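A quick write-up on the structure given underneath.
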Amino acid sequence: MVKVYLALGSNVGNRKENIRKAIKLLAEKIKDIKVASFYETEPVGYTKQPKFINTVLKGYTDLSPEELLLFCQNVEKKVGRVYRFKWGPREIDIDILLYGDLKIDKPDLKIPHPYMLERDFVMIPLREIEKDIDKILEKVFSKN
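First residue of the sequence shown? That's 126 in our numbering, and the numbers climb one at a time after it.
Put into structure tokens, the structure is as follows:
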């Protein structure tokens, strides 16, 4: 099994319940899940929308990176995500932050997540659940 880190966010409807529902669905394919605290944050990109609730989870999966992406997208649909526009309001958003120590750069899948280091709403909960995250990030980002 591979250790994975996912970021979850919601700013439409019952934000906390949307995230809890997503975590429950993610647990079907991700084991030994540990979830950070929930944080209320300002939107990024398009700012004329409600505040987000964000968290990060870590767990272990047998899914490939591509399978994990599809699984996360299916969970988003089950929770009720409606695509409005880039960086727009959403019922749930699930991003793959890290997948083991892999580095992937494909049009539809970039690991590590390209904006994770710039976003406090990712890094604060990530540091909460992974005390060694700086060592992990150094290893992943130093790969060619």
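Ideal Cβ positions, reconstructed from N, Cα and C, are used throughout, including at glycine.
Please read all numbers here as calculations on a predicted model, not as lab measurements.
- When secondary structure is reduced to three states using DSSP, Val207 falls in the coil class, being assigned neither helix nor strand.
- Taking a cut-off of 8 Å for Cβ pairs, the segment 196-208 and the segment 141-155 touch, as three or more such pairs fall below it.
- Of all alpha-carbon atoms in Pro237, Asp245, Asn139, the one lying nearest the alpha-carbon of Leu262 is that of Pro237.
- Around the Cβ of Ser135, a 10 Å sphere holds 16 or more other Cβ atoms; the residue is buried.
- Straight-line measurement puts the Cα of Thr166 at about 7 Å from the Cα of Phe246.
- Nearest in C-alpha terms to Gly184, of all of Ser267, Lys260, Arg252, Tyr130, is Tyr130.
- Pairing Pro239 with Pro232, the inter-Cα distance amounts to about 12 Å.
- In the structure shown, the three-state DSSP call for Ile229 is strand.
- Taking the Cα positions, Phe177 is about 18 Å away from Leu222.
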